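Convert by adding 94 to the 1-based position in the sequence shown; the result is the number in this note's numbering.
In this text, a Cβ means the ideal position worked out from N, Cα and C, and glycines have one as well.
Since this is a predicted model, take the numbers as computed values, not measurements.
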Amino acid sequence: MIRILLLIVFVTLLLLGCDNSTGHEPKDKPLYSKADFPIGVAVDSERLRKDAGYRDIVVHHFNSITPENGMKMDAVHPREGRFFWEEADYLVEFCAQYNKRLHGHVLVWHSQVPVWMEDYQGTDAEWESMLKGHVQTIVRRYSGEVSSWDVVNEAFADDGELRDTIWRHHIGGDYVAKCFRWAGDTDPEARLFYNDYSLPYNQSKLDAVLGMVDDFQHREPPVPIDGIGLQMHVTDSFPPMDSIREAMDKIRGRGLEVRFSELDISLNFLGIYTDLTEDMEQRQRERVFDLVDLYRGLPEDLRAGITVWGVSDADSWIRHHYHRMDWPLLFDEDYRPKPAFYGFMEALEY
Ligand code: XIL
């Protein structure tokens, strides 16, 4: 009898040990199942490997992945002449395994640049071939696997001038066009995006970006560019929907695709709240609904997708970057879908 009891206890413990469920497996139908455009999420590969709850959500609800940091210049190219592919390769394999598309972020930026690039000593021609090597090596490696790239991120300053970066300083203002050409020559199939923030409410910056697009399209041969990523780090009320719509209209007027590339909806922009209330959650739900609904108004061939910038509120960059409490994403700390998730779903079904 005791032996049988011991056996039962042993088997039960064994089964418990094998169970790596989180208790929060996604129950709703996949978010992407109702969408006719990619529904993406920014991910951290470490979390994807180690956290089953996190992975379950990514696999179940999204059909597009953006590495939150894993393909940035410092992550992929930490030393001169040395590329670190492990993280990016992991994500490429993950996407192949689960049939997700991969949006590459980002080939060239002024932030998260490795120290060796910041300190690089060389003639302007050497700077140019250094950056060209960076762009082409990455695009070549993932050609056929990364379906679209943020080629250049945030090249314009708030006053609409080209931002004063090491790239502009050493290569000249035409570095942006050169990056797009290098990427396009290396993988002609990849969709190429320019990505930036504040375009819907900063007219000077939007005009500068549109001016760049016009210039690209009028060159002979044209500089390849397929679309604009609007980062969409917004709040529940700012910027107003009308100004987002106007910016989108101008972009689509150029025949370019639009991505909402880094969507999050801050509920505590001023950092004055310590708790999330139902009222805040409802406002976020309505805001997501309006944004997704607006996005669906784009012609189908210009909808490159919506990507949310993180999985759960606990992972959001806003908390660590701005050192404030906030609840900007679709899932709560325990990976439960928030009202915002259902607002997103509702707008897709509407
Ligand atoms: C952020 C990441 O989310 C953080 O983890 C990192 O510490 C800093 O960068 N615009 C962009 C993104 O294009 O790459 C940034 O991502 C957020 C702002």
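- Between the C-alpha atoms of P316 and A277 there is a straight-line separation of about 14 Å.
- Following the DSSP letters along the chain, one finds A136 inside the beta strand (DSSP E) bounded by residues I133 to V137.
- Of the candidates P282, L300 and H263, the residue whose Cα lies closest to the Cα of D253 is L300.
- The Cβ neighbour count for Q325, taken over all protein chains shown within 10 Å, is at least 16; the residue is labelled buried.
- The straight-line gap separating the alpha-carbon atoms of I232 and M342 is approximately 30 Å.
- The alpha carbon of Y444 has as its nearest neighbour, out of E180, V382, T401 and I412, the alpha carbon of V382.
- Taking a C-beta distance under 7 Å as the contact criterion, I322 and Y367 do not qualify as a contact pair.
- E427 is positioned such that its CB atom lies no closer than 7 Å to that of D409.
- Taken in chain order, the complete beta strand (DSSP E) segments of 3 residues or longer contained in the segment 357 to 428 are 397 to 402.
- Of the residues G437, L293, L357 and M165, the one whose Cα lies closest to the Cα of P208 is M165.
- Setting aside the 5 residues that flank it on each side, Y192 is surrounded in the same chain by V153, each with a C-beta closer than 7 Å to its C-beta; the list follows chain order.
- Relative to the ligand XIL, W411 has its C-beta within less than 6 Å of a heavy atom.
- Inclusion of R379 and P431 in the CB contact set at 7 Å is not warranted, their separation being larger than that value.
- Residue pairing from DSSP places D244 in a beta bridge opposite H199 and F287.
- Between the ligand XIL and E239, a heavy atom-to-CB distance of less than 6 Å is absent.
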